[in-house]
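Report on the structure given below.
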Amino acid sequence: MTKEELIRFWLDSSDENYQSMLNMFQAGEYTWSLFIGHLVIEKLLKAYYIKAVNREVPRTHDLYKLALQAKLKLNMTENQKDSLQYITLFNIETRYEEYKRDFYKKCTKEFAATNIEKIKELREWMKPKINN
17 MTKEELIRFW LDSSDENYQS MLNMFQAGEY TWSLFIGHLV IEKLLKAYYI
67 KAVNREVPRT HDLYKLALQA KLKLNMTENQ KDSLQYITLF NIETRYEEYK
117 RDFYKKCTKE FAATNIEKIK ELREWMKPKI NN
């Protein structure tokens with residue numbers, strides 16, 4: 017694949033996950049909607065990484081670490097940095113049994129809606145950086 021094809025692959029996959037996140041939220045699957053929301057941002061970061069750094073993306077799910085490696089840190093607000101670190105927890109808390117029950121209890125409709133807004137804001141901020 018060319019560099020452009022790889023970027024398009026990650027963008028398309030992120031867009032598909034974005035729709036899945038919204039569908040899961042509407043269906044009341046709040047924990048999984050946030051897990052998929054994490055993937056939305058992870059895939060955008062990987063697309064940006066390919067554009068800015070290298071074709072070989074890091075094998076990590078840590079969003080803030082990806083942003084640092086993609087050299088995106090300098091363009092980020094403290095709030096965006098905090099959001100990346102917080103959203104990374106959705107990957108951990110939905111994946112591992114010892115965290116699932118506590119996260120499920122915390123993951124109300126309001127909690128999910130608030131965090132989906134953060135995901136949407138990050139997505140809207142990142143997409144133009146990738147497409148330019």
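In terms of our numbering, the sequence shown opens at residue 17 and continues consecutively. The beta carbon of each residue, even a glycine, is placed where N, CA and C say it ideally should be. The structure displayed is predicted, hence computed values, not measured ones.
Residue span of the alpha helix (DSSP H) that contains residue i, given as start and end
i	result
Pro-144	125-147
Glu-21	19-42
Leu-88	Leu-88 -> no alpha helix (DSSP H), and no H or E assigned at all.
Thr-47	46-68
Sequence-distant residues of the same chain with beta carbon closer than 6 angstroms to residue i, five excluded per side
i	result
Val-73	Lys-62 and Tyr-65
Asn-95	none
Met-142	Leu-60
Residues near residue i by beta carbon distance below 7 angstroms, same chain, minus five either side
i	result
Thr-76	Leu-82
Arg-71	Lys-19 and Leu-22
Ser-36	Ile-52
CB of residue i within 7 angstroms of CB of residue j, strictly
i	j	result
Lys-59	Ser-30	yes
Phe-25	Ala-128	no
His-54	Ile-103	yes
Tyr-80	Leu-100	yes
Ala-43	Val-69	no
Asn-33	Val-56	yes
Sequence-distant residues of its chain with Cβ nearer than 8 angstroms to residue i (five each side left out)
i	result
Thr-124	Tyr-46
The region 132-144 / the region 44-64 touching (three or more Cβ pairs under 8 angstroms): Taking a cut-off of 8 angstroms for Cβ pairs, the region 132-144 and the region 44-64 touch, as three or more such pairs fall below it.
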